[in-house]
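Enquirer:
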Amino acid sequence: MTTAAASIQTRITSLFGCRYPIILPGMSWISDPTLVAAVSNAGGVGILASGPLNAKETREAIRKIRSTTDQPFGIGCTLLMPGAKENAQVSLEEQVPIINISLGKGDWIAEQAHDYGGKILATVTNAKHAQSALESGADALMLTGHEAAAHGGDVTSLVLVPSIAKRFPQVPLVAAGGFADGRGLAAAICLGADAVAMGSRFAITKESSLAQRMKEIVSNDELYGGSTESDTVYGKNFDGIPARVLKSEESLRLIAKPAPLPIVIYRAFNAARKMNIPLYKVIPGLLTQWDKMYMVAQFGAATDSLMRATIDGDFEKGVQFIGQSQGLISDIPSVNELTQRIMEEAIESSTLGYETLASKR
Ligand SMILES: Cc1cc2nc3c(=O)[nH]c(=O)nc-3n(C[C@H](O)[C@H](O)[C@H](O)COP(=O)(O)O)c2cc1C
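The opening position of the sequence shown corresponds to residue 1 in full-length UniProt numbering, with each subsequent residue numbered one higher.
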């Protein structure tokens, strides 16, 4: 572990046993064992994205992380997605220290995780879901604000974090959405959070497996029409759930008009093929949920578009999840350099007086 910056102790650093209150959230094809271990070794907590993995691959990924770090790490299980419950079961068998659940009821996961001392971090976007996650046994909440890449809620982090902190003062909180530097971390703590999760920021690091072309586009405001804080679009025509993606001709086209059902189904099958999911597993999912068929197919189709951008770097035909915090990203550092810089900035921001801070803009 290579760490030097002083730390900020919070309820999250105590609960998870990490050095810094900085989390790598789950990002499909990006939060892989290499990036997870890099973040945990740098003093934060890496969370493995299990969405694209089957049960066997999930077990291998967990073991790979354990072979490269002895620091705390987690796994993300989006319970609505096919295969997520099986991946959660594998995580329990492997006694993963932190299980990050979202979009589903995780009481059975909490019960078994608590038996071996595991912790449950539930991702929510509003007070109603926060309440039900706590009733299901969550130990901490990750709050995803409107600024976030992918599925942030309606409310911005600036309001969401203090309002949930006020309602649930006993619960450790991780703020996600819009955080990419040390000032953001210091601000999140002022708002009532105990840590931040940074998706867009960690996606643009040396160890991240995001396509190099996408890293360059996001970190350079001059390329392809811009990647400032204003160059994202938010809507539900990408995967059926309101999501934020990088502005491009393709994302603007989709936001204006969703693709027709036959194209959506074709893309969903294409995604299943790329992910080695047999069609006999996909077809019943579509047919048995007739009323939700368009949404389910859209979710699958989005996988195809997301893979094109994230893996192949296809800015023209793909769709890239990215948050408004891309406006704060202008380099591609190593995870350790970035973590040290964030901690130094956060500590400096919280100790400087207002006038000095204003003069440093
Ligand atoms: C490139 C990228 C891919 C992501 N993939 C997923 C995903 O597969 N599933 C998910 O629930 N969230 C995904 N997210 C969202 C993150 O988990 C997190 O909520 C978000 O990045 C936080 O906001 P920020 O980008 O402003 O830091 C992704 C984010 C990024 C930047």
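Even glycine gets a Cβ: it sits at the ideal position worked out from N, Cα and C.
#1: Mind checking if Asn41 is an interface residue toward chain B, Cβ cutoff 9 Å exclusive?
#2: What are the boundary residues of the beta strand (DSSP E) that Thr232 is part of?
#3: Assuming contact is defined by CB atoms lying nearer than 9 Å, are Val39 and Phe179 in contact in what I supplied?
#4: When the distance is taken between beta carbons, is Val233 closer than 9 Å to Leu223?
#5: Can you tell me where the alpha helix (DSSP H) with Gly182 in it begins and where it stops?
#6: Based on Cα-Cα distance, which residue from Asp221, Pro333 and Ala49 lies nearest to Asp231?
#7: If you draw a straight line from the alpha carbon of Asp239 to that of Asn100, how long is it in whole angstroms?
#8: CB-CB under 6 Å to Pro33, same chain, minus the five flanking residues each way: which ones, in chain order?
#9: Decide yes or no for the touch test of the stretch 125-132 against the stretch 206-221: beta carbon pairs closer than 8 Å, at least 3 of them.
#10: Could you check if residue 405 belongs to the surroundings of ligand 1, using beta carbon to heavy atom distance under 8 Å?
#11: Of all the options Thr68, Met81 and Ile8, which has the alpha carbon lying nearest to the alpha carbon of Ala302?
#12: Would you report the Cα separation of Gln212 and Ala297, rounded to the nearest angstrom?
#13: Taking only the alpha-carbon atoms, compute the straight-line gap between Gln89 and Gln112 and give it to the nearest angstrom.
#14: By alpha-carbon positions, which one of Pro260, His151 and Glu147 ends up nearest to residue 384?
#15: Got a sec: does ligand 1 put a non-hydrogen atom nearer than 8 Å to the Cβ of Pro21?
#16: Going residue by residue through the stretch 294-318, where are the continuous beta strand (DSSP E) segments of at least 3 residues, counting only ones entirely within it?
#17: Drop a sphere of 10 angstroms on the beta-carbon of Cys190, count the other beta-carbons inside from all chains shown, and report buried for 16 or more, exposed for fewer.
#18: Output the boundary residues of the alpha helix (DSSP H) element that contains Leu134.
#19: Helix, strand or coil, according to DSSP, for Met27 in the structure here?
#20: Our contact map puts Leu306 next to Gly318 with C-beta atoms below 8 Å; I'd like the distance itself, whole angstroms only.
#21: What is the rounded straight-line gap between the Cα of Asp139 and the Cα of Val171?
#22: Is the beta carbon of Ile75 closer than 9 Å to that of Val45?
#23: Use the C-beta contact count for Gly14: other C-beta atoms within 10 angstroms, 16 or more gives buried, fewer gives exposed.
#24: May I ask whether a heavy atom of ligand 1 can be found less than 8 Å away from the beta carbon of Ile30?
#25: I'd like to know whether the C-beta atoms of Val155 and Ala193 end up nearer to each other than 9 Å.
#26: Over what stretch of residues does the alpha helix (DSSP H) that includes Phe16 continue unbroken?
#27: Tell me, to the nearest whole angstrom, how far the beta carbon of Ala188 is from that of Ser349; I am working on the premise that it is less than 8 Å.
#28: Is any heavy atom in ligand 1 found nearer than 8 Å to the beta carbon of Pro258?
#29: Which first and last residues belong to the beta strand (DSSP E) in which Val124 is found?
#30: Does at least one heavy atom of ligand 1 sit under 8 Å from the Cβ of Thr205?
#31: Look up Thr144 in the DSSP assignment and give the residues it is bridged to.
#32: Leaving aside the five residues before and after Thr144 along the sequence, list all residues of the same chain whose C-beta is less than 7 Å from its C-beta, in chain order.
#33: State the beta-bridge partners of Ala49 as determined by DSSP.
#34: Comparing the CB of Pro25 with every heavy atom of ligand 1, is any distance shorter than 8 Å?
#35: Could you check whether Ile30 and Ala42 sit closer than 9 Å to each other, using their CB atoms as the reference points?
#36: Quickly, what does DSSP pair Val245 with across the bridge? List them, please.
Expert: The structure says:
#1: In the structure shown, chain B does not exist; there is a single protein chain.
#2: Taken as a continuous stretch (DSSP letters only), the beta strand (DSSP E) holding Thr232 covers Thr232 to Gly235.
#3: No. Outside cutoff.
#4: No, these two residues do not count as a Cβ contact at 9 Å.
#5: It spans Gly182 to Leu191 - the alpha helix (DSSP H) in which Gly182 sits, taken as one unbroken run.
#6: From the listed residues Asp221, Pro333 and Ala49, the smallest Cα separation to Asp231 is found for Asp221.
#7: Their backbone Cα atoms lie some 21 Å apart in a straight line.
#8: Result list for Pro33: Ala61, Lys64 and Ile65, in chain order.
#9: No, the stretch 125-132 is not in contact with the stretch 206-221.
#10: Since the first residue of the chain shown is 1 and the last is 361, residue 405 is not available in this structure.
#11: When C-alpha distances from Ala302 are compared across Thr68, Met81 and Ile8, the shortest belongs to Met81.
#12: Distance between the alpha carbons of Gln212 and Ala297 is about 29 Å.
#13: Rounded to the nearest whole angstrom, the C-alpha separation of Gln89 and Gln112 is 9 Å.
#14: The requested residue 384 does not occur in the structure, where the chain is confined to residues 1 to 361.
#15: Judged by the Cβ position, Pro21 fails to qualify as a neighbour of ligand 1 at the 8 Å threshold, every heavy atom of the ligand being at least this far.
#16: Secondary structure remark: continuous beta strand (DSSP E) runs of at least 3 residues inside the stretch 294-318: none found.
#17: Burial call: exposed.
#18: Its alpha helix (DSSP H) spans residues Ala127 to Glu135.
#19: Annotated three-state conformation of Met27 is coil, per DSSP.
#20: Sure, about 7 Å apart at Cβ, within 8 Å.
#21: Spanning the two alpha carbons is a distance of roughly 7 Å.
#22: Contact flag unset, no.
#23: Just to set this straight, residue 14 is Ser in the shown sequence, not Gly. Here Ser14 is exposed: its Cβ has fewer than 16 other Cβ atoms, across all protein chains shown, within 10 Å.
#24: In this structure, ligand 1 has a non-hydrogen atom nearer than 8 Å to the beta-carbon of Ile30.
#25: In this structure, Ala193 does not lie closer than 9 Å to Val155 by Cβ.
#26: Here the alpha helix (DSSP H) through Phe16 covers Arg11 to Phe16.
#27: About 11 Å; that fails the 8 Å criterion.
#28: Answer for Pro258: no, Cβ out of range of ligand 1.
#29: Lys119 to Val124 is the span of the beta strand (DSSP E), which, as asked, contains Val124.
#30: No; taking the cut-off as 8 Å, the Cβ of Thr205 has no heavy atom of ligand 1 nearer than that.
#31: In the DSSP assignment, the residues bridged to Thr144 are Ala176.
#32: Thr123, Thr125, His151, Gly152, Gly153, Ala176 and Gly177.
#33: Looking at the DSSP assignment, Ala49 forms a beta bridge with Gly76.
#34: Pro25: yes, Cβ under 8 Å from ligand 1.
#35: Taking 9 Å as the Cβ cut-off, Ala42 and Ile30 do not qualify as a contacting pair.
#36: Bridge partners of Val245: Val233 and Phe321.
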